[in-house]
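Novice:
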Amino acid sequence: MDTYYPAYFREQMFHNLLVQQGFIVLDMDYRGSAGYGRDWRTAIYRDMGHPELEDYLDGLDWLVADKQGDRQRAGIYGRQLRRLHDLHGAVPRAGTFKAGAALRPVADW
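Just so you know, we're using the UniProt record's numbering here: the sequence shown kicks off at 1 and counts up by one.
#1: Quick check on the burial criterion: 16 or more other C-beta atoms within 10 angstroms. Buried or exposed for E54?
#2: Who are the Cβ neighbours of I44 in its own chain at under 6 Å, not counting the five residues just before and after it?
#3: What is the rounded straight-line gap between the Cα of D58 and the Cα of R10?
#4: What are the partner residues of L75, as DSSP defines its beta bridges?
#5: Quick one: Cα of Q72 to Cα of T96, how far?
#6: Can you tell me which of the three DSSP states M28 falls into?
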């Protein structure tokens, strides 16, 4: 019997590990994600990295406002395209995120 695991399954396991260690994980479909129509998918056209980071920051604001997260202990990480978000977030917004990790090598775009 073939067992199908979506490509995202490994990411879900990693999130589960983080939660077991006491972290809060905010995993979201930021602008540009597939499955929400053309306007959503093309919202990052010629501005890759910035709208998606704003979505992450809005998510962090929501967690803090809902008393589910601590802004002083927020980190960000990414893989594939998300590594770009990590770099956009960690470098110019050094005061926002206390830690950052890019899980794949940075590409030469």
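We put the beta carbon where it would ideally sit given N, CA and C, even for glycine.
Specialist: For this structure:
#1: Taking the sequence shown and counting its residues from 1, one reaches residue 54 at position 54. When all chains shown are included, E54 counts as exposed.
#2: The residue labelled residue 44 in the question sits at position 44 within the sequence shown. So the qualifying residues of the chain are R31, G32, P51.
#3: Residue 58 sits at position 58 when you count from the first residue of the sequence shown. Residue 10 sits at position 10 when you count from the first residue of the sequence shown. For D58 and R10, the distance between alpha carbons rounds to 25 Å.
#4: In the sequence shown, residue 75 corresponds to position 75, counting from 1. The amino acid at residue 75 is misidentified as Leu; the sequence shows Gly. Paired residue(s): A99.
#5: Locating residue 72 in the sequence shown gives position 72, counting from the first residue. Locating residue 96 in the sequence shown gives position 96, counting from the first residue. In a straight line, the C-alpha of Q72 is about 8 Å away from that of T96.
#6: Your numbering for residue 28 matches position 28 in the sequence shown. If DSSP states are grouped into helix, strand and coil, M28 belongs with coil.
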